[in-house]
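**Q**
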RNA sequence: GCCGGUGUGGUGGAAUAGGCAGACACAAGGGACUUAAAAUCCCUCGGACCACAAAUCCGUGCCGGUUCAAGUCCGGCCACCGGCACCA
């Protein structure tokens with residue numbers, strides 16, 4: 037009989053669908069296991085072979101855990117709000133809801149053809165009002181707790197499209213669509229105070245099991261630094277507060293720099309003699325897009341303030357103040373003390389403007405470059421700090437400043453608050469009303485969900501407002517407080533909103549009273565294993581941790597962290613080693629692979645392709661190899677014999693493989709798990725036959741990777757009552773994993789001279805004498821003095837001789 | 001520039017804790033079966049030396065070190081990939 041993947045896969049997918057075997061239960065007596073993949077954005081292009089890699093990987097884990105007796109929750113849904121859909125809808129005059137529906141249908145059909153054991157009864161969709169009702173509800177809680185606020189912010193504004201652009205729509209400083217100039221425009225935006233959680237977001241990384249590289253990226257992104265805030269007196273009378281991480285270098289501060297947006301510039305207008313020059317510089321900085329300000333010429337620019345000077349509080353000397361765009365308003369206090377001797381940017385600036393450079397830490401050559409790597413250095417030219425180490429000087433100066441009341445220790449974060457407004461149609465409406473009398477009035481929770489108006493035109497307005505602003509009968513409402521004429525907020529939420537809590541909804545997706553019921557939350561608690569892409573490490577992963585902590589604080593969820601364990605997959609590249617993309621023409625569609633080779637082969641190849649955590653190029657020939665493996669597995673049925681015990685000659689091979697496959701699956705080493713199964717199969721074919729018990733075990737081990745073909749073989753040969761529902765993951769016996777005799781290498785002075793077979797449990801003396809008894813070794817040793825003998829059990833003997 | 005990661009045969013990749021480098025595949029070459037091809041099965045497959053083999057030597061990006069023993073550890077470089085980018 038030939039292996040016919042089409043009929044087998046169709047047959048079992050239907051059975052699984054009808055019986056709902058993969059649906060999680062609420063059986064709280066069972067151990068729970070919650071596996072999660074990042075739910076897809078249903079784009080118009082459909083799946084490419086990169087999508088199934090994480091889905092298959094956690095499917096392998098989920099299927100194995102079910103065979104281990106766990107109650108497994110492995111859900112899927114759709115992160116369906118977003119720009120591409122809206123843009124496609126505008127272009128083709130189809131409502132985004134219809135586009136979304138169509139895209140989801142296609143994604144669903146494609147994913148289902150792969151036989152992933154998702155619990156489809158819990159499917160969610162972020163654009164479903166029954167879902168986003170709760171996204172809006174969370175926003176109202178944030179607002180209530182003072183974590184949502186409005187702020188004037190610069191946004192990207194396309195001068196031709198007359199609309200606000202997301203950062204990713206700005207390519208090389210111009211609009212992605214029309215290539216027109218993009219400028220910064222100030223708009224009032226909703227912000228979420230993620231910075232209030234910065235400290236906990238860093239500290240709690242110690243409580244979760246994430247790869248070190250993920251933790252490091254989050255820590256760097258949050259960017260905690262400990263320094264000091266110091267007040268500098270000015271000749272204008274105002275105190276100018278700066279932030280520095282190097283208060284120890286204060287005696288080397290020879291000038292100051294404030295950002296072009298600093299409020300004192302307005303205040304000091306009357307005192308300044310070069311206001312025109314300053315205004316010009318301010319205008320230039322404002323005109324620059326983010327791109328120009330960062331990617332452009334790094335040559336330092338700036339203007340000296342004429343008429344106001346500062347006084348260095350350490351030595352009482354007058355120093356100049358400059359404005360320069362290398363100092364950012366958004367970080368610290370928007371002002372710095374410049375220490376050109378020990379800061380690269382300050383050094384460059386000082387060189388250009390001919391400012392004094394003073395060495396305050398010994399060890400570098402400040403004529404050549406700033407000496408920044410000076411943590412181990414000793415202070416000089418610094419009055420009472422001179423002679424101290426940098427570390428001691430930091431403490432001493434902070435104590436001094438604190439005592440004098442002109443400074444104190446201060447922790448700063450690079451992390452900024454989350455810009456939560458989007459001037460778009462296809463997103464969750466922000467559920468507040470603007471009343472001329474009452475101000476910002478939140479919608480009543482009972483009025484949620486606030487749905488999007490179903491209209492023909494949702495094109496961008498030309499004044500930077502959301503398309504919703506044009507829809508009069510939606511925008512104009514009565515104030516829920518005072519009844520006066522009021523207007524709805526027209527901004528919508530970013531795509532990150534719906535994905536910041538979706539894993540909670542999966543626990544109880546149909547609940548009408550809450551995000552999820554208490555019982556479900558108490559049982560499922562948090563995600564046990566979350567796999568996703570490295571590209572989501574700093575945004576999605578951080579945002580969702582923030583929301584979860586907030587929900588924990590207000591008593592909604594039972595754990596402080598949403599994900600106990602995080603893993604990350606590598607990308608699947610095109611066969612040319614480049615990222616798969618339509619424009620490069622190297623996209624592989626999984627449908628074709630499933631059609632020609634079958635879903636099981638597709639899954640095997642996805643897992644065999646290489647180290648799961650690294651990128652790997654797609655190679656069609658590799659697919660053929662996996663199909664060959666599936667064929668060889670199917671053909672085992674032709675050499676099947678009776679027998680209800682593993683035969684002695686295969687015993688250790690089987691036990692070793694059971695151990696390895698189980699270990700590898702739990703440790704993301706899917707490629708070597710499959711390699712081990714291939715090797716075992718080679719052993720079986722070498723033995724000439726396989727008995728029923730051996731086939732049963734092999735089938736269960738292979739099942740997580742190739743679920744359809746194994747179900748078929750299991751059922752056709754009556755190996756048990758039903759693989760998915762009844763079978764148990766096989767146990768291995770440690771004592772049977774070992775061979776009785778092993779071949780070990782014999783080295784002389786580290787070079788291999790012979791290989792000998794000895795009993796696996798040989799002791800030191802036995803092994804070494806056996807090694808010396810070898811003819812070759814004996815010959816090599818003649819006339820030499822043995823200095824040292826090393827025996828590593830089961831591996832080698834090394835004899836050091838002269 | 002900073003942070004993180006990666007460099008192993010013709011290719012994808014193996015090598016739990018410093019212990020036989022190249023598992024498992026792919027491709028290639030040879031053979032069997034076949035009228036023939038495909039499929040399948042068997043053999044070879046890092047390099048140098050060599051008629052062949054044995055033996056020997058070289059070999060995990062580069063240079064150096066530690067060790068009886070280094071792909072693995074340490075120091076110094078180089079290249080590539082990803083992220084961030086004037087964060088005081």
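Residue numbers (our numbering): 37 to 838.
The beta carbon of each residue, even a glycine, is placed where N, CA and C say it ideally should be.
Everything numeric in this text was worked out from a predicted model, so none of it was measured.
Can you tell which of 400, 90, 632 and 323 has its C-alpha closest to the C-alpha of residue 378?
**A** Here the closest residue by C-alpha is 400.
**Q** Leaving out five residues on either side along the sequence, give the residues of the same chain with a beta carbon under 7 Å from the beta carbon of residue 837.
**A** Excluding sequence neighbours, residue 837 sits near 784, 785, 817, 820, 821, 822 and 823.
**Q** Flag this pair as yes or no: are the beta carbons of residue 355 and residue 406 separated by less than 8 Å?
**A** No, the Cβ-Cβ distance between residue 355 and residue 406 is not below 8 Å.
**Q** Using the Cβ count rule (16 or more neighbours within 10 Å means buried), how would you classify residue 113?
**A** Result: buried.
**Q** To the nearest angstrom, report how far apart residue 764 and residue 74 are at their CA atoms.
**A** The alpha-carbon atoms of residue 764 and residue 74 are separated by roughly 28 Å.
**Q** Do residue 78 and residue 125 count as a contact pair if the criterion is CB distance below 8 Å?
**A** Their beta carbons are not under 8 Å apart, which means residue 125 does not touch residue 78 by this criterion.
**Q** Rounded to whole angstroms, what is the Cα-Cα separation between residue 607 and residue 92?
**A** Answer to the nearest angstrom: the Cα atoms are 14 Å apart.
**Q** Going straight from the alpha carbon of residue 831 to that of residue 80, what length do you get?
**A** The alpha-carbon atoms of residue 831 and residue 80 are separated by roughly 55 Å.
**Q** Are the Cβ atoms of residue 265 and residue 443 separated by less than 8 Å?
**A** Yes, Cβ-Cβ distance for residue 265 and residue 443 is below 8 Å.
**Q** I'd like to check one pair, residue 381 with residue 358: are the Cβ atoms closer than 8 Å?
**A** For residue 358 and residue 381, no; Cβs fall outside 8 Å.
**Q** Jot down the residue ranges of each uninterrupted alpha helix (DSSP H) in the region 126-179, minimum 4 residues, whole runs only, in chain order.
**A** Segments of the alpha helix (DSSP H) lying fully in the region 126-179: 132-148.
**Q** Going by DSSP, name the residue or residues bridged to residue 69.
**A** In the DSSP output, where bridge partners are listed per residue, residue 69 has 108.
**Q** Could you give the distance in angstroms between the alpha-carbon of residue 239 and the alpha-carbon of residue 69?
**A** Between residue 239 and residue 69, the C-alpha separation is close to 26 Å.
**Q** Using a threshold of 8 Å, state whether the C-beta atoms of residue 635 and residue 237 are closer than that.
**A** No, Cβ-Cβ distance for residue 635 and residue 237 is not below 8 Å.
**Q** Report all residues from its chain with a CB closer than 8 Å to the CB of residue 49; omit the five preceding and five following residues, and keep chain order.
**A** Correct list, in chain order: 148, 149, 151 and 744.
**Q** Helix, strand or coil for residue 573, going by three-state DSSP, please let me know.
**A** Residue state, collapsed to three classes: coil.
**Q** Check whether the region 576-584 and the region 214-233 touch, using three or more Cβ-Cβ pairs below 8 Å as the test.
**A** Counting Cβ pairs under 8 Å, three or more are found: they touch.
**Q** Kindly confirm or deny that the region 255-269 and the region 614-634 touch, where touching means at least three C-beta pairs closer than 8 Å.
**A** No, the region 255-269 does not touch the region 614-634.
**Q** Does the beta-carbon distance from residue 188 to residue 222 come in below 8 Å?
**A** Cβ atoms of residue 188 and residue 222: closer than 8 Å.
**Q** Taking the alpha helix (DSSP H) that residue 745 belongs to, which residues open and close that run?
**A** Residue 745 -> alpha helix (DSSP H) spans 743-752.
**Q** Counting along the chain, where does the alpha helix (DSSP H) carrying residue 315 start and finish?
**A** Residues 311-323.
**Q** Is the separation between the beta-carbon of residue 284 and that of residue 373 shorter than 8 Å?
**A** Result no, Cβ atoms of residue 284 and residue 373 do not sit closer than 8 Å.
**Q** Specify the secondary structure class of residue 183 as computed by DSSP and reduced to three states.
**A** If DSSP states are grouped into helix, strand and coil, residue 183 belongs with coil.
**Q** Specify, as a first and last residue, the run of the alpha helix (DSSP H) that residue 81 falls within.
**A** Per DSSP, residue 81 belongs to no alpha helix (DSSP H) and is neither H nor E.
**Q** So, are the CB atoms of residue 799 and residue 39 less than 8 Å apart?
**A** It is not a contact, given that the beta carbons lie outside the stated cut-off.
**Q** Count the other CB atoms, across all protein chains shown, that sit within 10 Å of the CB of residue 490; report buried if there are 16 or more and exposed otherwise.
**A** Answer is exposed; the Cβ neighbour count stays below 16.
**Q** Using three-state DSSP, classify residue 523 as helix, strand or coil.
**A** In this structure, residue 523 counts as strand in the three-state DSSP scheme.
**Q** Taking 8 Å as the threshold, find out whether the region 699-714 comes into contact with the region 735-752 through three or more Cβ pairs.
**A** Cβ pair count under 8 Å is three or more, so yes.
**Q** So if DSSP puts residue 656 in a beta bridge, which residue, or which two residues, is it bridged to?
**A** Beta-bridge pairing links residue 656 to no other residue.
**Q** DSSP state of residue 225, grouped into three classes?
**A** Strand, per DSSP.
**Q** Would you give the residue range spanned by the alpha helix (DSSP H) that residue 805 belongs to?
**A** From DSSP, the alpha helix (DSSP H) with residue 805 extends over 800-809.
**Q** In whole angstroms, what separates the C-alpha of residue 677 from that of residue 724?
**A** In a straight line, the C-alpha of residue 677 is about 10 Å away from that of residue 724.
**Q** So does the region 556-568 actually touch the region 90-104, counting three or more Cβ pairs closer than 8 Å?
**A** Output reads yes: the region 90-104 touches the region 556-568.
**Q** How is the beta strand (DSSP E) around residue 356 delimited, first residue to last?
**A** Element bounds for residue 356: 354-359.
**Q** Might you give, ordered along the chain, the residues of its own chain that have their beta carbon closer than 7 Å to the beta carbon of residue 649, omitting 5 neighbours on each side?
**A** The answer, listed in chain order, is 604, 605, 606 and 704.
**Q** Rank 145, 55, 670 and 135 by C-alpha distance to the C-alpha of residue 626 and give the top, closest one.
**A** Among 145, 55, 670 and 135, the Cα nearest to that of residue 626 is on 145.
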